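Asker: Following this message is one structure expressed as structure tokens.
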Amino acid sequence: MSAKNILKVEELVFERNHSPLFHPLSFSVDSGQALHVEGANGAGKTTLFQLLTGLLQPSQGTILFCDRSVEECKYEYFSDLLYIGHQSAVNAMFSARENLQWMSPANTSSKQIISALASVGLQNYTHTACHKLSAGQQRRVALARLLTSKANLWYLDEPFAALDKQGVDFVESCMHQHIEKGGSIVFSSHQDLAKMPTYKLRINRCGEVD
Amino acid sequence: MNMTGGFRDHLWRDLLLAYRRRGDLVKPLMFFLMVSTLVPLAIAPEPERLAKLAPGMIWIMALLATLLSIESLFSDDFRDGSLEQMLISPDLLVMPVLGKMTAHWLVIGVPLTLISPLIGLWFSLPMVALLPMILSLAVGTALLSFIGAVGAALTLPLRQGGVLLTLLVMPLYMPVLIFGSATIQSAVDGLIWFNPLLVLVALLAIAVALCPLATAAALRLAKNA
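Structure, rendered in structure tokens:
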């Protein structure tokens, strides 16, 4: 086991209307590991991602990045983070290419953008405004960020939603490569991954036991 | 850390977005023009009476036109998740916010300022008041965009935030309205119109310093609500 946990979460509690949403969560993710977050609808999977990304403040518990509190090393943490949430951050008025360029690191060349879009099967839609694309295609634009991002820590909230089989394969192989390169992933999904080993974290709604 | 990049990128992005949505852009301008057409019809087409009303009318219209458009400043980004990405960016949130506010002024305030001489002529405003009117609108609409952005960010998570936004922002708009129309009125009366204009400039300086901070803080709250 490596000396440092990339991400370590201790006794994380989030209260909504004064009652905790899920049982206290503790887990850690090392480099080269993928954590599969499971849970029923409404169990708090998306909330967990929002807590991890600092969009929500936890009621109790700590989140450590490389053994330092996230609050202490905000810049390093957020620089090393890729979060693709439920809402894909794809602007309907911009083309696929403009959207990906916008969401990718500033020094990404347009050649890289085009090739990333080709990898997700959108080579014929690079200049199409995204409101003309289907839900799955818009999702693919967002997921093309997996190829342009240089972040080590990936948070993927339901990355397979709205994707066809081919799209699912693409995302899985991206994740697999990322793990092999020593990156870390936390993702939520209702389906099991065929290709790669994952650790599982089950979130239960408070009061529920399984 | 990238300081000016966030400002420039968001400014450019919002300007491009406004260009893609040219139809929406015309709405506040149409409102401005329509009201100015209707007022002479509804009140009286007498040049003397209209000239008396003009300073106040022009400013009320500018204020309402800005208020109409400010609500949507962050709502698209909130809906499609771009705001989340903005919030988790390692760079300061203040610079993108400042960029978006500036873009709003360029898209709404500047066109209003540019067509205002036309409205001035329409209302038989004396020629001496044209320059003060243009200057006060240029400064004042920026102020309206900056103050309005704070309100837009605060009411963002509410489904029907429009009414609350108006209530929240209106009191803060009052000084702008008062000193803006005073600038034009002073020029019409042959007084020194420079003083009320300078108050507007001072207010703008304060707003540029404080409003982006307040807006950024409000946006962080919006996600927590």
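So the protein lines, in turn, are chains A and B. Residues 1404 to 1613 (the numbering used here) are what the first sequence spells out, left to right. Residues 765 to 989 (the numbering used here) are what the second sequence spells out, left to right. For glycine and all other residues, C-beta sits at the position ideal for the given N, C-alpha and C. Computed from a predicted structure; not experimentally measured.
1) So for A/Ile-1487, helix, strand or coil by DSSP?
2) With 9 Å as the limit, tell me which residues of the segment 1513-1540 of chain A have their beta carbon closer than that to any beta carbon of chain B; keep them in chain order.
3) Go through the segment 1494-1546 of chain A residue by residue and report every complete run of the alpha helix (DSSP H) that reaches 4 residues or more, in order.
4) How is the alpha helix (DSSP H) around B/Ala-980 delimited, first residue to last?
5) Quick one: list the residues of chain B neighbouring A/Gln-1460, beta-carbon separation under 9 Å, in chain order.
6) Return the bridge partner residues of A/Ile-1466 from the DSSP annotation.
7) Under 7 Å between beta-carbons, which chain B residues line up against A/Thr-1456? List them in chain order, please.
8) Taking B/Arg-772 as the reference, which of B/Pro-804, B/Asn-959, B/Gly-787 and B/Gly-863 has the closest Cα?
9) Between the alpha carbons of A/Gln-1463 and A/Glu-1413, how many angstroms are there, rounded?
10) Round the Cβ separation of A/Tyr-1602 and A/Ala-1443 to the nearest angstrom and send it over; I've been treating them as touching at under 8 Å.
11) In whole angstroms, what separates the C-alpha of B/Ala-980 from that of B/Pro-809?
12) Nearest-angstrom Cα distance between B/Ala-1068 and A/Lys-1535?
13) Taking Cβ-Cβ distances shorter than 7 Å, what residues in chain B pair up with A/Ala-1509?
14) Helix, strand or coil: which one does DSSP assign to A/Phe-1417?
15) List, in chain order, every chain B residue whose beta-carbon is nearer than 8 Å to that of A/Gly-1488.
16) Determine, for B/Gly-772, whether the minimum Cβ-Cβ distance to residues of chain A falls below 8 Å.
17) Could one say the Cβ of A/Phe-1481 lies closer than 8 Å to chain B's Cβ atoms, at least one of them?
18) A/Ala-1495 to A/Trp-1505, Cα distance in whole Å?
19) Where does A/Thr-1601 fall in DSSP's three states?
20) Does the Cβ of A/Met-1404 have 16 or more other Cβ atoms within 10 Å, making it buried, or fewer, making it exposed?
21) If I follow the unbroken beta strand (DSSP E) through B/Asp-840, where does it start and stop?
22) Beta carbons nearer than 9 Å to chain A: which residues of the segment 776-803 of chain B have them?
23) If B/Leu-837 sits next to B/His-868, beta carbons under 8 Å apart, how far is it from one beta carbon to the other, in whole angstroms?
24) Less than 6 Å between C-beta atoms, sequence neighbours within five positions excluded: which residues of the same chain meet that for A/Asp-1560?
Answerer: According to the structure shown:
1) In the first sequence, residue 1487 of chain A corresponds to position 84, counting from 1. Strand at A/Ile-1487.
2) Residues are counted here when their Cβ sits less than 9 Å from a Cβ of chain B; for the segment 1513-1540 of chain A these are Ala-1532, given in chain order.
3) 1499-1506, 1513-1522 and 1538-1546
4) Here residue 980 of chain B refers to the residue found at position 216 when the second sequence is read from its first residue. Taken as a continuous stretch (DSSP letters only), the alpha helix (DSSP H) holding B/Ala-980 covers 958-988.
5) Counted from its first residue, the first sequence places residue 1460 of chain A at position 57. Within 9 Å Cβ-Cβ: Asn-988.
6) Indexing the first sequence from 1 puts residue 1466 of chain A at position 63. A/Val-1412.
7) The sequence position of residue 1456 of chain A within the first sequence is 53, counting from 1. Within chain B, the residues near A/Thr-1456 are Ile-852.
8) One-based indexing of the second sequence puts residue 772 of chain B at position 8. For the residues B/Pro-804, B/Asn-959, B/Gly-787 and B/Gly-863, the minimum Cα distance to B/Arg-772 belongs to B/Gly-863.
9) Your numbering for residue 1463 of chain A matches position 60 in the first sequence. Your numbering for residue 1413 of chain A matches position 10 in the first sequence. Distance between the alpha carbons of A/Gln-1463 and A/Glu-1413 is about 9 Å.
10) Numbered from 1 along the first sequence, position 199 holds the residue referred to as residue 1602 of chain A. Numbered from 1 along the first sequence, position 40 holds the residue referred to as residue 1443 of chain A. Between the beta-carbon of A/Tyr-1602 and that of A/Ala-1443 there is about 19 Å, and that puts the pair past the 8 Å contact cut.
11) Against the second sequence, residue 980 of chain B aligns to sequence position 216. Against the second sequence, residue 809 of chain B aligns to sequence position 45. Rounded to the nearest angstrom, the gap between the Cα atoms of B/Ala-980 and B/Pro-809 is 47 Å.
12) Look at the range of chain B in this structure, 765 to 989, and you will see that residue 1068 of chain B is not part of it.
13) Indexing the first sequence from 1 puts residue 1509 of chain A at position 106. Those are Gly-769, listed as they occur along chain B.
14) Locating residue 1417 of chain A in the first sequence gives position 14, counting from the first residue. Residue state, collapsed to three classes: coil.
15) Within the first sequence, residue 1488 of chain A is the residue found at index 85, counting from 1. Those within 8 Å of A/Gly-1488 in chain B are Gly-845 and Glu-848.
16) If you number the second sequence from 1, residue 772 of chain B lands on position 8. At residue 772 of chain B the sequence reads Arg, which differs from the Gly that was named. Chain A contact via Cβ: absent.
17) On the first sequence, position 78 is the one that residue 1481 of chain A refers to. It does: the Cβ of A/Phe-1481 has a partner Cβ on chain B nearer than 8 Å.
18) In the first sequence, residue 1495 of chain A corresponds to position 92, counting from 1. In the first sequence, residue 1505 of chain A corresponds to position 102, counting from 1. If you take the alpha carbons of A/Ala-1495 and A/Trp-1505, they lie about 13 Å apart.
19) Working through the first sequence from its first residue, we reach residue 1601 of chain A at position 198. In the structure shown, A/Thr-1601 sits in coil (DSSP, three-state: anything other than H, G, I, E or B).
20) To locate residue 1404 of chain A, count along the first sequence from 1; it is residue 1. Legend: pLDDT at A/Met-1404 = 43, less than 50; position of this residue unreliable, value from coordinates given subsequently. Flag for A/Met-1404 reads exposed.
21) Your numbering for residue 840 of chain B matches position 76 in the second sequence. Careful: B/Asp-840 lies outside any beta strand (DSSP E), inside the alpha helix (DSSP H) at 839-844.
22) Arg-777, Leu-780, Leu-781, Arg-784 and Arg-785
23) Against the second sequence, residue 837 of chain B aligns to sequence position 73. Against the second sequence, residue 868 of chain B aligns to sequence position 104. That pair is a contact at about 6 Å.
24) Position 157 of the first sequence, counting from 1, holds the residue named residue 1560 of chain A. Counting only Cβ-Cβ distances below 6 Å, and skipping sequence neighbours, we find Thr-1449, Phe-1452, Gly-1488, His-1489 and Ser-1591.
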